[in-house]
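Position one of the sequence shown corresponds to residue 162 (the working numbering), numbered consecutively onward.
No residue lacks a Cβ here, since even glycine has one placed at the ideal position from N, Cα and C.
Remember, predicted model here, so these are calculated numbers, not experimental data.
Encoded as structure tokens, the structure appears first; notes follow it.
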Amino acid sequence: MNGSLLDLAKARTVLMDGGLGTELMARGLPQGSPPETWDLERPDLVEDVHRRYFAAGADIVSTNSFGGSRIKLAGHGLEARAAELNVAAARLARRAAPPGKWVAGSIGPTGKFLKPQGEFTEDEFTAAFAEQAAALAEGGADILLVETQYDLREALCAVRAARRASSLPVFATMTFNALPRGYFTLMGDGVAKCAAALAEAGISALGANCSLDSERMVGAVRALRAATPLPLVAQANAGQPVLDAEGRVSYSQGLEDYVRFVPDIVAAGADFVGGCCGTTPDYINAIAEKLFRRTS
Ligand SMILES: [Zn+2]
Numbered sequence: 162m163n164g165s166l167l168d169l170a171k172a173r174t175v176l177m178d179g180g181l182g183t184e185l186m187a188r189g190l191p192q193g194s195p196p197e198t199w200d201l202e203r204p205d206l207v208e209d210v211h212r213r214y215f216a217a218g219a220d221i222v223s224t225n226s227f228g229g230s231r232i233k234l235a236g237h238g239l240e241a242r243a244a245e246l247n248v249a250a251a252r253l254a255r256r257a258a259p260p261g262k263w264v265a266g267s268i269g270p271t272g273k274f275l276k277p278q279g280e281f282t283e284d285e286f287t288a289a290f291a292e293q294a295a296a297l298a299e300g301g302a303d304i305l306l307v308e309t310q311y312d313l314r315e316a317l318c319a320v321r322a323a324r325r326a327s328s329l330p331v332f333a334t335m336t337f338n339a340l341p342r343g344y345f346t347l348m349g350d351g352v353a354k355c356a357a358a359l360a361e362a363g364i365s366a367l368g369a370n371c372s373l374d375s376e377r378m379v380g381a382v383r384a385l386r387a388a389t390p391l392p393l394v395a396q397a398n399a400g401q402p403v404l405d406a407e408g409r410v411s412y413s414q415g416l417e418d419y420v421r422f423v424p425d426i427v428a429a430g431a432d433f434v435g436g437c438c439g440t441t442p443d444y445i446n447a448i449a450e451k452l453f454r455r456t457s
């Protein structure tokens with residue numbers, strides 16, 4: 162099954178899902194509450210989001226486990242439930258997946274920093290990610306998606322942990338900012354450095370997600386394509402978050418403007434395309450229309 166996912170990416174663009182946290186908030190997840198708790202408390206709503214993404218045309222959905230590492234959950238006193246929450250997250254997405262569709266076990270950043278900027282060691286990060294990866298594999302994930310990484314060192318801990326804890330293919334997406342001299346993570350690592358180190362660590366696909374809107378994502382994919390022969394993943398944000406008077410978050414890039422740049426993202430070399438913050442099942446449906454169902 163996993164082999165055929167990478168085979169599919171050779172035959173056509175593989176469609177991923179869009180924002181999950183923003184969809185859960187739209188269904189009433191309180192601001193500041195860890196979304197992972199809903200894998201146990203509101204499984205019906207999480208599963209509904211997954212099903213809507215599959216119905217919109219997604220080939221892969223990501224589990225509701227982005228903040229599911231023990232270190233991240235510790236901020237909410239939930240560290241002891243890390244394994245349980247990740248198994249539940251993967252089972253929910255698996256249950257929502259039609260036959261022949263895929264589940265990516267989402268592994269986001271810890272929210273903490275490694276020494277010397279922070280207080281954690283690489284061994285501590287690696288142990289937390291290994292626990293999460295093993296639980297996602299146990300729950301039925303087809304691949305592990307180390308995503309939204311802004312620190313290459315942390316991403317490498319997660320990739321190595323995922324490779325050690327399971328036999329699943331590991332994808333990694335870094336979050337880059339567009340600077341005049343190119344694309345760089347928050348910690349200052351450029352595309353070529355990330356690509357070389359992550360390839361060495363054994364990833365099956367590399368990509369960029371979050372932060373960039375779909376127009377700026379085109380350049381990031383071009384830079385990634387120049388840096389690696391690996392399959393590429395692109396999941397752009399729907400622009401930047403905007404707060405309204407009531408404190409509600411919306412995103413600045415509307416659906417039509419977002420989708421307009423998707424063919425350029427594909428032409429630049431992306432093999433897997435989906436959305437990130439602010440994108441909804443409507444965005445994924447519109448991407449599918451644009452890429453696969455063009456009638457005129
Ligand atoms: Zn995002």
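With DSSP collapsed to three states, give me the class of residue i.
i    : result
T334 : strand
S160 : The question about residue 160 has no answer here: the residues shown for the chain are numbered 162 through 457.
I448 : helix
E202 : helix
A172 : helix
I304 : strand
A388 : helix
G343 : strand
L329 : coil
L373 : coil
F274 : coil
Have a look at the options and flag the residue whose alpha-carbon is nearest the alpha-carbon of residue i.
i    : options                : result
E285 : K171, D200, A322       : A322
G435 : N446, A406, G228       : N446
I364 : V394, L176, L234, A384 : V394
S194 : K233, D303, E292       : K233
A362 : R421, F337, A319       : A319
S165 : L181, L185, G182, D220 : D220
A388 : D374, A360, S375, L373 : A360
D178 : A258, A366, M348       : A258
E376 : V403, G349, P424       : P424
N338 : D350, L329, R188, S328 : D350
Which residue marks the beginning of the beta strand (DSSP E) containing residue i, and which one marks its end?
i    : result
Q396 : 393-397
S223 : 221-223
Y311 : Here Y311 belongs to no beta strand (DSSP E), and DSSP marks it neither H nor E.
L367 : 366-370
L404 : 402-404
G435 : 433-436
S230 : Taken as a continuous stretch (DSSP letters only), S230 belongs to no beta strand (DSSP E), as it is neither H nor E.
S411 : 410-412
Assuming contact is defined by CB atoms lying nearer than 8 Å, are residue i and residue j in contact in what I supplied?
i    : j    : result
P204 : L253 : yes
L385 : G400 : no
S137 : A289 : Nothing in the structure corresponds to residue 137, since the chain is present only between 162 and 457.
E299 : P270 : no
Would you decide whether residue i is buried or exposed? Buried here means 16 or more other CB atoms lie within 10 Å of its CB.
i    : result
Q310 : buried
R325 : exposed
Q278 : exposed
E292 : buried
M162 : Its pLDDT being 49, under 50, M162 is placed unreliably by the model, and the measurement read from it follows with that caveat. Per the 10 Å Cβ criterion, exposed.
Y444 : buried
F332 : buried
T183 : buried
D405 : exposed
F227 : buried
In terms of residues, what are the limits of the alpha helix (DSSP H) holding residue i?
i    : result
P424 : 423-428
R256 : 243-257
Closest Cβ-Cβ distance between residue i and chain E: below 8 Å?
i    : result
L359 : Checking the listed chains, one finds no chain E in this structure; it contains a single protein chain.
Chain-ordered residues, beta carbon under 5 Å from a heavy atom of ligand 3 | You won't find ligand 3 in this model; what it holds is ligand 1.
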